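K.L.:
Quick note on numbering: the numbering used here labels position 11 of the sequence shown as 683, and the sequence is numbered without any gaps.
Don't be surprised by glycine CBs; every beta carbon is placed ideally from N, CA and C.
Treat the numbers as computed from the prediction; the structure is a model and nothing was measured.
Here you go, one structure.
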Amino acid sequence: MNLQNPCQSDPGIASTSHPGKLFILSAPSGTGKTTLRKALLTHFQDILYSVSTTTRKPRLGEENGRDYHFLSKDDFVRGIALDQWAEWAKVHDNYYGTPAEFLDTQLAVGKEILLDIDVQGTIQILKRYPDSITIFIMPPSLDTLKKRMEARGTDSPSVIEKRLMNAKDEMAKKDLYRHIMVNDSLEKAKAELISIVEFYRRNTD
Ligand code: 5GP
């Protein structure tokens, strides 16, 4: 375990205690995180998924309210002023945020919640919920990541370049996470994720 929680050394940051459990999944874009997240939620049907809000355009097959809450930039920025986001970040020129009310309400009644957010967001969530279980998924290599992004065919070469730079930055911060795993085989990674959740169920119930 190698969690370095920014809150633990900063008594000035308010945190919320609750009976629920928060699992945070982060990975560079193209690592297979969405597939793994969906597999985890299929396996554990009682874990709630925190649907993020974003200002980016929906991709083919994405549904408002299921994959993301798609919002205009103006409305998102208004939400910042109204303290609606438990955390928010600007990723690849778009805003992303976690609705605070959903988290606070569900954690208060003891639910387990899964968040799929980036590193900037994780740092903010750890300040608010220091006991979050953080998991970082690494690609086998940056080259594999590039090939996966190209194969996905959803982004232009310049966007891919930007996402790769972002991936390098994120991977440099992986030690902020309690668990670090490599997605070199989907089945193996899925089994590893399931065993992490089962570990916390056994040890904190
Ligand atoms: P994508 O646009 O590919 O769905 O997501 C891009 C990145 O934004 C991913 O790394 C994803 O984890 C991150 N992301 C998605 N939702 C949120 C959120 O609510 N907050 C933060 N900080 N990052 C998010």
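If you follow the alpha helix (DSSP H) that Lys-762 is part of, which residue opens it and which one closes it?
P.N.:
Premise fails: Lys-762 lies in the beta strand (DSSP E), 757 to 763, not in any alpha helix (DSSP H).
K.L.:
Looking at His-715 and the ligand 5GP, is the gap between the Cβ and the nearest heavy atom below 8 angstroms?
P.N.:
Remark: the shortest separation between the CB of His-715 and any heavy atom of the ligand 5GP does not fall under 8 angstroms.
K.L.:
Tell me where the alpha helix (DSSP H) around Lys-818 begins and ends.
P.N.:
Counting along the chain, the alpha helix (DSSP H) containing Lys-818 begins and ends at 814 to 824.
K.L.:
Distance check for Gly-782 and Tyr-801, CA to CA, integer angstroms please.
P.N.:
14 angstroms
K.L.:
Cβ of Ile-866 within 9 angstroms of Cβ of Ile-807?
P.N.:
Not closer than 9 angstroms, so no.
K.L.:
Just the C-alpha distance for Ser-804 and Val-831, rounded to the nearest angstrom, thanks.
P.N.:
31 angstroms
K.L.:
Please say whether Tyr-872 and Ile-785 have beta carbons closer to each other than 9 angstroms?
P.N.:
no
K.L.:
Residue range of the beta strand (DSSP E) that Ile-832 falls in?
P.N.:
Unbroken run through Ile-832 is the alpha helix (DSSP H), 829 to 843; no beta strand (DSSP E).
K.L.:
Using DSSP bridges, identify the partner residues of Asp-788.
P.N.:
Partner(s): Leu-697.
K.L.:
Just reading off the beta strand (DSSP E) that Phe-871 is part of, what are its end residues?
P.N.:
No beta strand (DSSP E) contains Phe-871, which is instead part of the alpha helix (DSSP H) from 858 to 876.
K.L.:
Pop quiz: Val-791 and Lys-845 are said to be a contact at Cβ under 8 angstroms. What is the actual Cβ separation, rounded to whole angstroms?
P.N.:
5 angstroms
K.L.:
What are the boundary residues of the beta strand (DSSP E) that includes Gly-769?
P.N.:
Looking at the DSSP string, the run of the beta strand (DSSP E) that includes Gly-769 is 766 to 771.
K.L.:
Can you tell me whether Lys-705 sits near the ligand 5GP, meaning its C-beta is under 8 angstroms from at least one heavy atom of the ligand?
P.N.:
yes
K.L.:
By alpha-carbon positions, which one of Ala-839, Lys-693, Phe-695 and Glu-773 ends up nearest to Ser-701?
P.N.:
Ala-839
K.L.:
Tell me the DSSP bridge mates of Tyr-740?
P.N.:
Asn-736
K.L.:
Report the rounded CA-to-CA distance for Pro-771 versus Leu-787, giving the unit in angstroms.
P.N.:
11 angstroms
K.L.:
By the three-class DSSP mapping on this structure, what secondary structure does Thr-806 have?
P.N.:
strand
K.L.:
What I want to know is whether the C-beta of Asn-766 ends up closer than 8 angstroms to one or more non-hydrogen atoms of the ligand 5GP.
P.N.:
yes
K.L.:
Considering only their Cβ atoms, is the gap separating Thr-794 from Leu-848 smaller than 9 angstroms?
P.N.:
yes
K.L.:
Identify, in the order they occur along the chain, each residue of the same chain with its Cβ nearer than 6 angstroms to the Cβ of Ala-699, setting aside the five sequence neighbours on each side.
P.N.:
Lys-705 and Ile-809
K.L.:
Can you find the residues in the same chain that come closer than 6 angstroms, C-beta to C-beta, to Tyr-768, ignoring five residues on each side of it along the sequence?
P.N.:
Taken in chain order, the residues that qualify are Ser-724, Thr-726 and Ala-761.
K.L.:
Arg-738: beta carbon under 8 angstroms from a heavy atom of the ligand 5GP?
P.N.:
Checking the Cβ of Arg-738 against the ligand 5GP gives no.
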